[in-house]
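S.K.:
Protein chains: 2
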Amino acid sequence: MFKLLKECGSARRGVLTTRHGEIQTPIFMPVGTQATVKAMTPSQVEDVGAQIILGNTYHLNLRPGSKLVEAMGGLHKFMNWEKPILTDSGGFQVFSLAQLRKVKEEGIEFRSHLDGKKLFLGPKECYQIQAELGTDIAMVLDECPPFPCERTACESAVQRTIRWAQEFKNHADNDGFIERGHHVFGIIQGSIYDDLRIQCAEALADLNFPGYAVGGVSVGEPEEEMIRQVAACAPVMPREKPRYVMGVGTPPQLLQMIGLGMDMFDCVMPTRLARHANVFTVDGLINLKNERYKHDDTPIMNADNYTCRNFSRAYLRHLVQAKELLASTLLSIHNLHFFLDLMSQARAHIEAGDYDAWSKAWIERFTFKD
Amino acid sequence: MFKLLKECGSARRGVLTTRHGEIQTPIFMPVGTQATVKAMTPSQVEDVGAQIILGNTYHLNLRPGSKLVEAMGGLHKFMNWEKPILTDSGGFQVFSLAQLRKVKEEGIEFRSHLDGKKLFLGPKECYQIQAELGTDIAMVLDECPPFPCERTACESAVQRTIRWAQEFKNHADNDGFIERGHHVFGIIQGSIYDDLRIQCAEALADLNFPGYAVGGVSVGEPEEEMIRQVAACAPVMPREKPRYVMGVGTPPQLLQMIGLGMDMFDCVMPTRLARHANVFTVDGLINLKNERYKHDDTPIMNADNYTCRNFSRAYLRHLVQAKELLASTLLSIHNLHFFLDLMSQARAHIEAGDYDAWSKAWIERFTFKD
Numbered sequence: 001m002f003k004l005l006k007e008c009g010s011a012r013r014g015v016l017t018t019r020h021g022e023i024q025t026p027i028f029m030p031v032g033t034q035a036t037v038k039a040m041t042p043s044q045v046e047d048v049g050a051q052i053i054l055g056n057t058y059h060l061n062l063r064p065g066s067k068l069v070e071a072m073g074g075l076h077k078f079m080n081w082e083k084p085i086l087t088d089s090g091g092f093q094v095f096s097l098a099q100l101r102k103v104k105e106e107g108i109e110f111r112s113h114l115d116g117k118k119l120f121l122g123p124k125e126c127y128q129i130q131a132e133l134g135t136d137i138a139m140v141l142d143e144c145p146p147f148p149c150e151r152t153a154c155e156s157a158v159q160r161t162i163r164w165a166q167e168f169k170n171h172a173d174n175d176g177f178i179e180r181g182h183h184v185f186g187i188i189q190g191s192i193y194d195d196l197r198i199q200c201a202e203a204l205a206d207l208n209f210p211g212y213a214v215g216g217v218s219v220g221e222p223e224e225e226m227i228r229q230v231a232a233c234a235p236v237m238p239r240e241k242p243r244y245v246m247g248v249g250t251p252p253q254l255l256q257m258i259g260l261g262m263d264m265f266d267c268v269m270p271t272r273l274a275r276h277a278n279v280f281t282v283d284g285l286i287n288l289k290n291e292r293y294k295h296d297d298t299p300i301m302n303a304d305n306y307t308c309r310n311f312s313r314a315y316l317r318h319l320v321q322a323k324e325l326l327a328s329t330l331l332s333i334h335n336l337h338f339f340l341d342l343m344s345q346a347r348a349h350i351e352a353g354d355y356d357a358w359s360k361a362w363i364e365r366f367t368f369k370d
Numbered sequence: 001m002f003k004l005l006k007e008c009g010s011a012r013r014g015v016l017t018t019r020h021g022e023i024q025t026p027i028f029m030p031v032g033t034q035a036t037v038k039a040m041t042p043s044q045v046e047d048v049g050a051q052i053i054l055g056n057t058y059h060l061n062l063r064p065g066s067k068l069v070e071a072m073g074g075l076h077k078f079m080n081w082e083k084p085i086l087t088d089s090g091g092f093q094v095f096s097l098a099q100l101r102k103v104k105e106e107g108i109e110f111r112s113h114l115d116g117k118k119l120f121l122g123p124k125e126c127y128q129i130q131a132e133l134g135t136d137i138a139m140v141l142d143e144c145p146p147f148p149c150e151r152t153a154c155e156s157a158v159q160r161t162i163r164w165a166q167e168f169k170n171h172a173d174n175d176g177f178i179e180r181g182h183h184v185f186g187i188i189q190g191s192i193y194d195d196l197r198i199q200c201a202e203a204l205a206d207l208n209f210p211g212y213a214v215g216g217v218s219v220g221e222p223e224e225e226m227i228r229q230v231a232a233c234a235p236v237m238p239r240e241k242p243r244y245v246m247g248v249g250t251p252p253q254l255l256q257m258i259g260l261g262m263d264m265f266d267c268v269m270p271t272r273l274a275r276h277a278n279v280f281t282v283d284g285l286i287n288l289k290n291e292r293y294k295h296d297d298t299p300i301m302n303a304d305n306y307t308c309r310n311f312s313r314a315y316l317r318h319l320v321q322a323k324e325l326l327a328s329t330l331l332s333i334h335n336l337h338f339f340l341d342l343m344s345q346a347r348a349h350i351e352a353g354d355y356d357a358w359s360k361a362w363i364e365r366f367t368f369k370d
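From first to last, the protein sequence lines are chains A and B. The opening position of the first sequence corresponds to residue 1 in our numbering, with each subsequent residue numbered one higher. The opening position of the second sequence corresponds to residue 1 in our numbering, with each subsequent residue numbered one higher.
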């Protein structure tokens with residue numbers, strides 16, 4: 001169940017209800033690839049304000065396996081996370097295996113990157129795995145075309161994406177999955193071809209999914225092209241359903257896409273950059289390896305999170321230089337809090353009715369140069 | 001200030017007052033080598049019951065440097081740890097550099113293991129560094145003989161240890177260090193030679209240190225020999241001063257040494273073993289990599305710590321197999337809590353007057369086999 005609370009230009013303030021509670025949108029979802037948000041405990045993830053996290057179907061299916069997770073009471077109980085979880089379809093990871101996979105009409109044959117074992121992922125298997133994990137929001141299996149992609153190849157990927165979406169939903173419906181309060185989101189593909197994106201979005205809309213995602217962005221195309229693709233999809237995505245852009249993005253990109261009417265996002269960027277000593281401030285990204293922070297006794301920024309309340313840049317830089325695990329934890333805490341707090345500010349400005357002016361000023365101040 | 005609250009056989013229950021609060025003894029001190037207990041936040045270290053942690057002078061002096069730490073307000077503020085800190089002398093690490101160091105009467109010339117830079121550590125430098133770190137308990141510079149060690153070499157190490165202890169204390173006294181409430185502990189050396197241990201202990205006792213340590217144990221000698229050396233020192237260590245055995249040990253060793261009248265211990269074992277998937281239970285050590293824990297939905301043991309309250313062995317094993325950083329954090333939390341809780345139990349049994357019977361039964365139950 002998704003409820004639109006307020007619109008401000010194209011930006012939207014909503015609330016999505018799941019089996020594990022409500023999600024206030026727009027929202028950023030921290031990525032917990034292998035049943036853990038890297039380097040953080042669930043209580044640290046909760047403390048930074050996460051409302052929902054993402055799990056990776058491909059990784060969890062290989063290790064520890066969805067059957068084991070199911071036997072342990074489902075992914076929430078297994079990893080001790082009581083709030084909502086969204087799982088991807090695993091398709092994106094399988095497609096990126098390149099030499100190790102073969103796409104057929106029934107699904108994708110591939111080999112595990114861990115042990116080379118031959119495996120198969122079709123709409124049925126994809127649904128089954130996510131159902132065993134006990135996800136709150138399941139993503140349909142889609143075919144994600146590479147960038148760049150010839151139009152004919154993209155046309156066939158879109159057709160297959162639509163057929164697989166239909167098949168996935170049939171399995172979920174037959175199983176009473178959506179009836180029991182789980183969500184299933186359709187995924188719009190079409191690469192750079194607006195008419196294919198629109199065709200895909202309209203076909204999926206006819207299937208009446210509880211939510212819709214823009215997939216196949218941030219796959220190597222220029223930033224402007226990515227924003228353009230999201231903008232092309234927005235008008236044909238049902239207004240009354242949540243809209244999710246998969247696998248993105250930078251803070252300015254998130255604000256731009258919220259401005260285009262998108263509600264949900266996920267990205268490994270904040271945690272991955274943290275593990276490489278890059279941290280976010282309102283003025284932009286800084287790299288704590290930089291000598292200039294050696295004697296800096298100020299926090300990363302004036303933010304209300306465990307890291308900024310308690311530690312100086314000088315200390316955090318020391319942890320980085322000494323290759324201490326605690327660096328990853330403390331910097332991940334800060335970066336995730338930064339993303340989640342940004343979403344909280346975005347929600348407040350949509351409510352206040354000044355979203356576009358605020359986001360424009362925010363984006364202008366932020367820079368990626370240190 | 002050390003106050004003996006109760007004795008039970010040779011075991012002692014005491015309280016040591018420092019500039020950063022009281023320490024209830026017997027106590028185990030988690031090791032925070034590089035201004036962090038590895039893979040844990042200070043609040044996690046506090047949550048498992050740590051009363052005091054140890055910092056390594058050698059490592060902190062090389063990186064980030066004691067002058068920088070001093071400029072940042074001292075080690076407590078730098079690493080956000082408001083409870084007591086003990087720092088070692090750095091001598092043990094310098095001696096273990098082998099080819100990279102040269103012992104002279106004035107001190108030790110050595111090269112940094114990080115960048116090969118030529119450095120010098122004498123009693124004066126050793127005091128100065130620890131004073132700059134702002135430690136609550138400073139350890140004198142000593143000469144730690146290897147195992148095995150010829151008697152003549154050991155004799156000269158003991159003599160040098162006594163001279164350096166005197167010199168270290170002179171610097172601390174001239175600086176008003178002890179007057180300001182800091183502690184300085186003397187270190188008893190002498191390897192396997194009881195008469196040298198006794199000679200060293202008596203000479204140090206004459207210098208009237210606020211506390212005394214048994215050093216040079218756990219350097220390769222058999223376990224029985226280690227216990228024997230501690231037993232040889234115990235009768236000549238002042239009764240009214242805290243007694244610290246450096247760098248040990250296993251839970252059964254700790255209980256035995258408490259039974260011999262020792263009060264303080266430190267060891268990297270609980271955190272290092274945790275990072276290699278080995279966790280403690282009352283029945284002994286188990287290795288979570290073992291296939292038998294794959295479907296084990298029980299906690300490591302029935303213990304009141306974050307890890308055991310929230311996660312199954314199956315989940316922890318998954319984190320280990322997937323090489324997730326969270327494994328190090330959660331297993332370190334459990335192992336440290338295990339050691340600290342054992343000390344808490346020891347204190348209770350000394351108070352109750354049944355320490356020897358309790359510790360004997362505890363040791364018999366515990367095994368290192370999985």
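Glycine residues also receive a C-beta, built at the ideal position from the N, C-alpha and C atoms.
For GLN99(A), collect the residues of the same chain with a Cβ closer than 8 Å to its Cβ; drop the 5 residues on either side in sequence, then sort them by chain order.
M.R.: Excluding sequence neighbours, GLN99(A) sits near nothing in its chain.
S.K.: Among CYS8(B), MET1(B), LYS3(B), LEU319(B), which has the Cα closest to the Cα of GLY353(B)?
M.R.: The shortest Cα separation from GLY353(B) among CYS8(B), MET1(B), LYS3(B), LEU319(B) belongs to CYS8(B).
S.K.: Taking 8 Å as the threshold (C-beta atoms), are VAL245(A) and VAL268(A) in contact?
M.R.: Taking 8 Å as the Cβ cut-off, VAL268(A) and VAL245(A) do not qualify as a contacting pair.
S.K.: Using a 10 Å radius around the Cβ and a threshold of 16 neighbouring Cβ atoms, would you call PRO148(B) buried or exposed?
M.R.: That one is exposed.
S.K.: Which chain C residues sit within Cβ distance under 7 Å of GLU324(A)?
M.R.: No chain C appears in this structure, whose protein chains are A and B.
S.K.: With distances taken from CA atoms, which of GLN93(B), VAL184(B), LYS102(B) is nearest ALA165(B)?
M.R.: Of the candidates GLN93(B), VAL184(B), LYS102(B), the one whose C-alpha sits nearest the C-alpha of ALA165(B) is VAL184(B).
S.K.: When DSSP labels each residue in this structure, what does MET139(A) get in the three-state scheme?
M.R.: MET139(A): strand per DSSP, three-state reduction.
S.K.: Looking only at C-alpha atoms, which of LEU97(B), GLY90(B), PRO251(B) sits nearest to ARG365(B)?
M.R.: Closest by alpha carbon: PRO251(B).
S.K.: Among GLY211(A), GLN253(A), GLY220(A), PHE209(A), which residue has its Cα nearest to the Cα of VAL230(A)?
M.R.: Closest option to VAL230(A), Cα to Cα, is GLN253(A).
S.K.: What three-state label does DSSP hand ASN290(B) in the structure shown?
M.R.: Three-state result, ASN290(B): coil.
S.K.: To the nearest angstrom, how far is it from the Cα of CYS200(B) to the Cα of LEU119(B)?
M.R.: Near 28 Å, if we compare the C-alpha coordinates of LEU119(B) and CYS200(B).
S.K.: Let's test the definition: count the other Cβ atoms within 10 Å of the Cβ of VAL282(B) and tell me whether it reaches 16, buried, or not, exposed.
M.R.: Label assigned to VAL282(B): exposed.
S.K.: Under 9 Å between beta-carbons, which chain A residues line up against LEU68(B)? List them in chain order, please.
M.R.: Neighbours of LEU68(B) on chain A, chain order: LYS294, HIS295, ALA314, HIS318.
S.K.: For the 8 Å Cβ check, are there 3 or more pairs between the stretch 35–52 of chain B and the stretch 330–349 of chain B?
M.R.: Yes, since at least three Cβ pairs between the stretch 35–52 of chain B and the stretch 330–349 of chain B fall closer than 8 Å, the two stretches touch.
S.K.: Who are the near neighbours of PHE95(A) in its chain, counting only those whose CB is closer than 6 Å to its CB and skipping five residues on each side?
M.R.: Result list for PHE95(A): CYS144, in chain order.
S.K.: Output, in chain order, the set of chain A residues within a Cβ distance shorter than 7 Å of SER328(B).
M.R.: Under the 7 Å cutoff, chain A gives LEU325.
S.K.: Determine which residues of the stretch 67–93 of chain A have a Cβ less than 7 Å from any Cβ of chain B, and write them out in chain order.
M.R.: The residues in question are LEU68, ALA71, MET72, PHE78, MET79, ASN80.
S.K.: I want to verify the contact list: residues of chain A whose CB lies under 8 Å from the CB of GLN24(B), in sequence order.
M.R.: Those do not exist, as GLN24(B) stays about 25 Å from chain A at its closest Cβ, beyond 8 Å.
S.K.: Hey, would you say ASP136(A) sits closer than 8 Å to ARG19(A), going by beta carbons?
M.R.: Yes, the Cβ-Cβ distance between ASP136(A) and ARG19(A) is below 8 Å.
S.K.: Under 8 Å, Cβ to Cβ, is there at least one residue of chain B near PHE311(A)?
M.R.: With 8 Å as the cut-off, PHE311(A) counts as an interface residue toward chain B.
S.K.: Just tell me which of PHE339(B), TRP362(B), HIS349(B), THR367(B) has its CA closest to the CA of GLN51(B).
M.R.: Nearest option by C-alpha distance: PHE339(B).
S.K.: Taking three-plus beta-carbon pairs below 8 Å as touching, is the stretch 302–309 of chain B in contact with the stretch 235–242 of chain B?
M.R.: They do not touch, by the three-pair rule.
S.K.: Under DSSP, the beta strand (DSSP E) around LYS369(B) begins and ends at which residues?
M.R.: Per DSSP, LYS369(B) belongs to no beta strand (DSSP E) and is neither H nor E.
S.K.: With a cut-off of 8 Å, does the C-beta of ARG63(A) fall near any C-beta of chain B?
M.R.: ARG63(A) counts as touching chain B.
S.K.: Given 8 Å as the limit, is there contact between the stretch 68–82 of chain B and the stretch 30–43 of chain B, that is, 3 or more CB pairs closer than that?
M.R.: As far as the Cβ criterion goes, the stretch 68–82 of chain B touches the stretch 30–43 of chain B, which means the pair count is three or higher.
S.K.: In chain A, which residues lie with their C-beta within 7 Å of the C-beta of GLN321(B)?
M.R.: Within chain A, the residues near GLN321(B) are ARG63.
S.K.: For GLU324(B), count the other beta carbons within 10 Å of its own beta carbon; 16 or more makes it buried, fewer makes it exposed. Which is it?
M.R.: With 16 or more Cβ atoms within 10 Å of its Cβ, GLU324(B) is classed as buried.
S.K.: From THR372(A) to VAL320(A), what distance separates their C-alpha atoms?
M.R.: What is shown of chain A runs 1 to 370, which leaves residue 372(A) out entirely.
S.K.: Looking only at C-alpha atoms, which of LEU121(B), MET226(B), ARG313(B) sits nearest to LYS410(B)?
M.R.: Within the shown structure, residues of chain B are numbered from 1 to 370, placing residue 410(B) beyond reach of any answer.
S.K.: What residue ranges within the stretch 164–229 of chain A form continuous beta strand (DSSP E) runs of no fewer than 3 residues, ordered along the chain?
M.R.: Whole beta strand (DSSP E) segments, 3+ residues: 183–188, 211–214.
S.K.: Where does ARG292(A) land, buried or exposed, given buried means 16+ other C-beta within 10 angstroms?
M.R.: Classification of ARG292(A): exposed, given that the 10 Å Cβ count is below 16.
S.K.: On the DSSP bridge list, what partners appear for VAL245(A)?
M.R.: Answer is VAL214(A), PHE265(A).
S.K.: In the DSSP output, which residue or residues are listed as bridge partners for ASN278(B)?
M.R.: Note: ASN278(B) sits in a beta bridge opposite ASN287(B).
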